[in-house]
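S.K.:
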Amino acid sequence: MARTMRRLLLLALLTPLPALAHSDLRGSQPADGSSLAAGPTELRLSFQERVQLTLWRILGPDGTEQPFPRTRDLAPRAEHLARAPELPPGEWRMEWRAISADGHPIGGTIRFTVQP
Ligand SMILES: [Cu+2]
2 MARTMRRLLL LALLTPLPAL AHSDLRGSQP ADGSSLAAGP TELRLSFQER
52 VQLTLWRILG PDGTEQPFPR TRDLAPRAEH LARAPELPPG EWRMEWRAIS
102 ADGHPIGGTI RFTVQP
C-alpha cells in the first residue's frame, strides 16, 4: 500500500502541469466574435509568450483567402502585427497556427463580421 502511494506521488511529481504548458492566444484585433462598423485597418495576434507563427490568413464568406502583406521576419514574438487588407462587408475568419514557446503546435480561428 505504502509502495503504491509512493508510486502515485512520484507519478504526480513527474506529470507536467498544464499551466506550464503552451502559450495561448491572449487577444486579437479584430477580436473573436466582434462586429465591426468598418473593415479593420490593423491585424494583431497577441500571445502570452513568444510564438513562431506558421500560418496566418483571412478567409472570406465564400472561403477564399484575402491576402495581406506579412513581414519577412518570422522570428518568434508575443505580438504579431500586419496591415489589414480591404475587407468588404460580410463574415470573416482569421486562421492562425504557431509553434508555442514549449515547442508544441497551437492554433485557432477568430471569427468577425464587417457590417454593411
Ligand atoms: Cu504545450
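Those letters in the sequence shown? Residues 2 to 117, per this note's numbering, in order. Note that beta-carbon positions come from the ideal geometry of N, C-alpha and C, so glycine has one too.
(1) Beta carbon of Gln116, beta carbon of Leu54: below 9 Å?
(2) Less than 8 Å separating the Cβ of Gly104 from some heavy atom of ligand 1?
(3) Closer than 8 Å to a non-hydrogen atom of ligand 1 - does that hold for the CB of His23?
(4) Buried or exposed: which applies to Ala39, given that a residue is buried once 16 or more other Cβ atoms fall within 10 Å of its Cβ?
(5) In chain order, which continuous runs of the beta strand (DSSP E) of length 3 or greater are located wholly inside the region 65-96?
(6) Is the Cβ-Cβ distance between Arg45 and Ala83 less than 9 Å?
(7) Could you please give the first and the last residue of the uninterrupted beta strand (DSSP E) stretch that includes Gly108?
(8) My guess is that Ser29 and Ser47 are in contact by the Cβ rule of under 8 Å, so how many angstroms apart are they, rounded?
(9) On the DSSP letters alone, give me the boundaries of the beta strand (DSSP E) that Gly28 sits inside.
(10) When you measure from the CB of Ser101 to every non-hydrogen atom of ligand 1, does any distance come out below 8 Å?
(11) Is Glu87 closer than 9 Å to Leu60 when the C-beta atoms are compared?
(12) With a threshold of 8 Å (Cβ to nearest heavy atom), would Ile111 be considered close to ligand 2?
M.R.: A quick look at the data gives this:
(1) Walking along the sequence shown from the start, residue 116 turns up at place 115. Walking along the sequence shown from the start, residue 54 turns up at place 53. Not in contact: Gln116 and Leu54 (Cβ atoms no closer than 9 Å).
(2) Reading the sequence shown from its first residue, position 103 is the one you call residue 104. Yes, since a heavy atom of ligand 1 falls inside the 8 Å radius drawn around the Cβ of Gly104.
(3) Along the sequence shown, one-based indexing puts residue 23 at 22. Answer for His23: yes, Cβ within range of ligand 1.
(4) Along the sequence shown, one-based indexing puts residue 39 at 38. When all chains shown are included, Ala39 counts as exposed.
(5) 78-84
(6) Stepping through the sequence shown from its first residue, residue 45 is reached at position 44. Stepping through the sequence shown from its first residue, residue 83 is reached at position 82. Result yes, Cβ atoms of Arg45 and Ala83 sit closer than 9 Å.
(7) Here residue 108 refers to the residue found at position 107 of the sequence shown. Looking at the DSSP string, the run of the beta strand (DSSP E) that includes Gly108 is Pro106 to Val115.
(8) Taking the first residue of the sequence shown as position 1, residue 29 is located at position 28. Taking the first residue of the sequence shown as position 1, residue 47 is located at position 46. The pair is a contact, with the Cβ atoms about 7 Å apart (cut-off 8 Å).
(9) What you label residue 28 is simply residue 27 of the sequence shown in a count that begins at 1. First-last of the beta strand (DSSP E) with Gly28: Leu26 to Gln30.
(10) For the purposes of this step, residue 101 is identified with residue 100 of the sequence shown, where counting begins at 1. Within the cutoff, so yes.
(11) Position 59 of the sequence shown, counted from the first residue, corresponds to residue 60. Position 86 of the sequence shown, counted from the first residue, corresponds to residue 87. Contact flag unset, no.
(12) Of the ligands one can find in the structure shown, namely ligand 1, none is ligand 2.
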